[in-house]
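The next block holds one structure in the form of structure tokens; read it before the comments.
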Amino acid sequence: MAIVQGGNDKCSCDDPLEAISHAEQVGWMNAHKLNKKTILDAKNDVDVAFLGDGTMEEWEGRWLGHESEAFRHTNSIFRKFFSKDHGGKYEGVSLGIAGDTTPNILWRIQHGELPPHFHPRVWWISMGANDLGRTGCSEEVVLMGILRIIEEIQLQRPKHTKIVVNAILPTNAKAKERLVQPPPLGTKTDRHDYDHNSKGGPNVDDGTVWYKSQTPKKRMPTHIHRTKEKDLMPSIRSINNELHKFCEKHEDVIYFDASEVILKREDGDYKDGVDGLLVDPNMLRDGLHPNAIATKLWFQKIVKKLDNIFLTRLSGESEE
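Residue numbers (the numbering used here): 1 to 320.
So this is what it looks like as structure tokens:
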């Protein structure tokens, strides 16, 4: 497995250009198989295929390959918008797995989630949040991973396939930013390797986590592992800005931002910093994933965008 190393030794992100399975995660392979079954069971006239992570797996009413009562309502909303049998305007399928990063999604579409017979009119991709929050990747690495997914779809579907890039949604979740890399289990450590304050002791802040490495025979010296919470919003804004620029330069790649579904104008504790808007915690069920209310508003905006895309295609005009 390739490792991307930035300007320091803190980065341990997977290579965003390499397809990497997440099969070690319990339930992941079953979720992948269910996604392939969803494609096989899909009607021939699929209008939109949603590709992404846990948010899109929730739309199918599942979490890591298991049906979840918690997402039954979300699945019902999805079917009302994207199943013609349930009154939806468009036919859609949702291909997501909880916790997936862009290399995991790349592996999936190279192993059955983009089969030769499957030709949705639009691929709608939404990803990157796990790369930022779960693995702590840099903005550059996350951007590379998303662009690699676009490239793969275009390589396998070279004839004017429309791809909509959903901006990473706002969040009030925080990522843990590692300041000191813990040593391998059983490694002897030198106290003098740590960052010390003026009194000769280790610098300790509110985010300090203390670890004691152990072997079966004896306890090793204490090692300090300091972490701090990292606000994800500056990184999200930076990535979204670059995605927008990329889409403007490519005719069949369309940028879509539904951030206003998650934002509000009133004062609050969750600053976003874009035009004075704030993240509305009432629209997120866990600080990261949109709740049912936000999901419904998001779907409404997606349908309007699809209306515009298909109308534009029929008229021969360029997408705005």
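Glycine is no exception: its CB is placed at the ideal position from the N, C-alpha and C atoms. Since the model is a prediction, treat every value here as computed from it, not as a measurement.
message: Suppose the cutoff is 7 Å on Cβ atoms and the five residues either side in sequence are ignored; what does the same chain contact list for residue 19 look like?
response: Counting from one through the sequence shown, the residue named residue 19 turns up at place 19. These residues qualify, in order along the chain: 103, 106, 107, 110.
Residue 164 versus residue 24 - alpha carbon distance: Counted from its first residue, the sequence shown places residue 164 at position 164. Counted from its first residue, the sequence shown places residue 24 at position 24. Each residue's Cα considered, the two are about 30 Å apart.
- prompt: How far does the beta strand (DSSP E) with residue 240 in it reach, from first residue to last?
  reply: Residue 240 sits at position 240 when you count from the first residue of the sequence shown. Per DSSP, residue 240 belongs to no beta strand (DSSP E); it is in the alpha helix (DSSP H), 233 to 248.
Span separating the alpha-carbon of residue 118 from that of residue 45: Here residue 118 refers to the residue found at position 118 when the sequence shown is read from its first residue. Here residue 45 refers to the residue found at position 45 when the sequence shown is read from its first residue. C-alpha separation (whole angstroms): 10 Å.
message: Using a Cβ distance threshold of 8 Å, determine whether the segment 136 to 150 contacts the segment 233 to 250, with at least three qualifying pairs required.
response: yes
- prompt: alpha helix (DSSP H) containing residue 172: first to last residue?
  reply: Indexing the sequence shown from 1 puts residue 172 at position 172. Where residue 172 is concerned, there is no enclosing alpha helix (DSSP H), given that its DSSP letter is neither H nor E.
- prompt: Which residues in the same chain have their Cβ closer than 6 Å to the Cβ of residue 166, if we skip the five residues on either side of it in sequence?
  reply: Indexing the sequence shown from 1 puts residue 166 at position 166. These residues qualify, in order along the chain: 126, 256.
- prompt: Hey, residue 239 and residue 247: beta-carbon distance below 8 Å or not?
  reply: As a working note, residue 239 is residue 239 in the sequence shown. As a working note, residue 247 is residue 247 in the sequence shown. Not a contact, by the Cβ cut-off of 8 Å.
message: Using only CA atoms, which one of 294, 97, 16, 260 lies nearest to residue 62?
response: Translated into positions along the sequence shown, residue 62 becomes position 62. Checking every option, the nearest Cα to that of residue 62 belongs to 97.
task: Answer yes or no: do residue 101 and residue 131 have a C-beta to C-beta separation smaller than 8 Å?
output: Indexing the sequence shown from 1 puts residue 101 at position 101. Indexing the sequence shown from 1 puts residue 131 at position 131. For residue 101 and residue 131, yes; Cβs fall inside 8 Å.
task: Specify, as a first and last residue, the run of the alpha helix (DSSP H) that residue 34 falls within.
output: Start at 1 with the first residue of the sequence shown, and residue 34 comes out as number 34. Here the alpha helix (DSSP H) through residue 34 covers 28 to 41.
message: Is the separation between the beta-carbon of residue 36 and that of residue 113 shorter than 8 Å?
response: Here residue 36 refers to the residue found at position 36 when the sequence shown is read from its first residue. Here residue 113 refers to the residue found at position 113 when the sequence shown is read from its first residue. Taking 8 Å as the Cβ cut-off, residue 36 and residue 113 qualify as a contacting pair.
message: Counting C-beta neighbours from all protein chains within 10 Å, is the total for residue 76 16 or more, i.e. buried, or is it exposed?
response: Residue mapping note: residue 76 aligns to position 76 of the sequence shown, counting from 1. With fewer than 16 other Cβ atoms from the protein chains shown falling within 10 Å of its own Cβ, residue 76 counts as exposed.
query: In whole angstroms, what is the alpha-carbon distance linking residue 282 and residue 251?
result: Working through the sequence shown from its first residue, we reach residue 282 at position 282. Working through the sequence shown from its first residue, we reach residue 251 at position 251. In a straight line, the C-alpha of residue 282 is about 36 Å away from that of residue 251.
message: Here's a check: name, in chain order, each residue in its chain whose Cβ is nearer than 6 Å to the Cβ of residue 143, leaving out the five neighbours to either side.
response: Reading the sequence shown from its first residue, position 143 is the one you call residue 143. Contacts found: 239, 242.
Residue 54 versus residue 65 - alpha carbon distance: Translated into positions along the sequence shown, residue 54 becomes position 54. Translated into positions along the sequence shown, residue 65 becomes position 65. If I take the Cα positions, the gap works out to 10 Å.
Bridge partners - residue 254, DSSP secondary structure assignment: Along the sequence shown, read from residue 1 onward, the residue named residue 254 stands at position 254. Answer is 164.
Reference residue 52; option with closest CA among 121, 42, 286, 95: If you number the sequence shown from 1, residue 52 lands on position 52. Closest option to residue 52, Cα to Cα, is 95.
Distance between beta carbons of residue 172 and residue 277, contact taken as under 8 Å: If you number the sequence shown from 1, residue 277 lands on position 277. If you number the sequence shown from 1, residue 172 lands on position 172. About 13 Å separates the two Cβ atoms, so there is no contact after all.
C-beta atoms of residue 170 and residue 233 nearer than 8 Å: Here residue 170 refers to the residue found at position 170 of the sequence shown. Here residue 233 refers to the residue found at position 233 of the sequence shown. Yes, they are a contact pair.
Assumed close pair residue 326, residue 49 - CB separation to whole angstroms, cut-off 8 Å: Nothing can be reported for residue 326: it is not among the residues displayed for the chain, which extend from 1 to 320.
- request: Please report how far the alpha carbon of residue 17 lies from the alpha carbon of residue 141, in whole angstroms.
  value: Residue mapping note: residue 17 aligns to position 17 of the sequence shown, counting from 1. Residue mapping note: residue 141 aligns to position 141 of the sequence shown, counting from 1. Their backbone Cα atoms lie some 9 Å apart in a straight line.
task: Would you mind sorting residue 288 into buried or exposed? The rule is 16 or more other CB atoms within 10 Å of its CB.
output: Translated into positions along the sequence shown, residue 288 becomes position 288. By the neighbour-count rule (16 or more Cβ atoms within 10 Å), residue 288 is buried.
task: Assign residue 71 to one of three DSSP states: helix, strand, or coil.
output: Translated into positions along the sequence shown, residue 71 becomes position 71. Reduced to three states, the DSSP call for residue 71 is helix.
field: Rounded separation between residue 88 and residue 296 - CA only
entry: One-based indexing of the sequence shown puts residue 88 at position 88. One-based indexing of the sequence shown puts residue 296 at position 296. In this structure, the CA atom of residue 88 is about 13 Å from the CA atom of residue 296.
query: Contact check, residue 261 vs residue 294 under 8 Å by CB: the rounded distance?
result: Taking the sequence shown and counting its residues from 1, one reaches residue 261 at position 261. Taking the sequence shown and counting its residues from 1, one reaches residue 294 at position 294. The beta-carbon separation of residue 261 and residue 294, rounded to 5 Å, stays under the 8 Å limit for a contact.
- prompt: For residue 79, which option in 93, 70, 69, 68 has the closest C-alpha, if you only look at C-alpha atoms?
  reply: To locate residue 79, count along the sequence shown from 1; it is residue 79. Among 93, 70, 69, 68, the Cα nearest to that of residue 79 is on 93.
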